[in-house]
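Report on the structure given below.
Numbering (our numbering), first residue to last: 277 to 681.
Below, the structure is given as structure tokens:
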């Protein structure tokens, strides 16, 4: 099925969120043809999961069709991992096969963690969703002064998606890592797209500001707050914020297309420090994300009422176009999550895109099935979304038709 205009818009937004701004190295590594390498797949160490040759064949086909260097997949039923496998390579140049234990940048799926961090502080009475953001950040320019925390969470603030050209140039010219306070100063003079609360438009900058709110209210860097309150309690030992000083062991290499080949993508340290902000800052493994999915079902960190707020429509993203098509539906945004109800099947999901990674995480809470797809290619397009939805239907045939192979 063709992707809806809004989905195309969102994937473009996620994929391009840092693409135009992030600087690469002075001497980029050579490009590699993905098709020259053998097809490989790796299950988790010690796994006794049931074989699914149909899933393997489909995913291998998609990896080849879309020229993906690597892909990591996890399927969860009723909060439990039932299938995990990585396909292709963590590093093409060294021919290192991808493993479910490898870390990928998860892109805008990170926004759900930032939203969870905000909601934890809401339940402690330290943040009010209806309060103005400047209550926590200090005075903002008049145009931004009325923006509320809820509007930042729901993308109804009117903030632009990314830095403007002037801001991008300012960051690129830096020789030192950028701070939260310096980022906020770049956001302040940017004009709004609309009056706060009057419409919907996806904003990475809004989630950067939410990270700043967490830092101000908690008294610690928001990444440390997430480590202490989310990653640690859930034993997500391989999950962390992107480090300013380059990838380390266990993190896959990310790639960008160059003609029919792909080239490793290397950020400058300045842009790596930008990437550690709220819009798309987290790198994780499929196995760690299984623990996150289990929490979303068991709801031990946040109350059921808190999670319900996150999964309640706050803004209409796209209205249903064909009332006679039962597979068409309204698309809404909650707090950190996209929401839709297709043919009676409630769906909670978020995609992610970084310069060298594209991802998708989809949950059907009432059907008890969740699928996570992580890839290390920035221009993977709709491939992760196709895989997540098609694989979900392979495990739950009653789910609505989603997409062509």
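Heads up, the beta-carbon is just placed ideally off N, CA and C, and yes, glycines get one too.
{"Check": "Cα-Cα separation between residue 572 and residue 583, rounded to whole angstroms", "Outcome": "8 Å"}
{"Check": "Environment of residue 564 [buried if 16+ CB atoms lie within 10 Å]", "Outcome": "buried"}
{"Check": "Range covered by the beta strand (DSSP E) that runs through residue 636", "Outcome": "633-640"}
{"Check": "Endpoints, the alpha helix (DSSP H) within which residue 614 is located", "Outcome": "No alpha helix (DSSP H) holds residue 614; the beta strand (DSSP E) holding it covers 614-618."}
{"Check": "Closest by C-alpha distance to residue 441, when choosing among 648, 463 and 663", "Outcome": "463"}
{"Check": "Distance CB(residue 649)-CB(residue 345) smaller than 8 Å", "Outcome": "no"}
{"Check": "Among 388, 479 and 361, nearest to residue 326 - alpha-carbon criterion", "Outcome": "361"}
{"Check": "Spatially closest choice to residue 613 from 620, 624 and 444, by CA coordinates", "Outcome": "624"}
{"Check": "Sequence ranges, beta strand (DSSP E) only - wholly within the stretch 540-614, length at least 3", "Outcome": "558-560, 591-594 and 607-609"}
{"Check": "Check whether residue 224 and residue 654 have beta carbons under 8 Å apart", "Outcome": "Residue coverage of the chain in this structure runs from 277 to 681, which leaves residue 224 outside it and unanswerable."}
{"Check": "Beta-ladder partner(s) of residue 361, from DSSP", "Outcome": "349"}
{"Check": "Inter-residue CB distance, residue 507 and residue 490 (contact presumed, cutoff 8 Å)", "Outcome": "Not a contact, Cβ separation roughly 14 Å."}
{"Check": "Rounded C-alpha distance that separates residue 314 from residue 331", "Outcome": "18 Å"}
{"Check": "For residue 485, the nearest candidate out of 552, 606 and 527 (CA to CA)", "Outcome": "552"}
{"Check": "Alpha-carbon spacing of residue 417 relative to residue 641, whole angstroms", "Outcome": "41 Å"}
{"Check": "Rounded straight-line distance, which links the Cα of residue 669 to that of residue 676", "Outcome": "8 Å"}
{"Check": "Exposure label - residue 402; buried when at least 16 CB within 10 Å", "Outcome": "exposed"}
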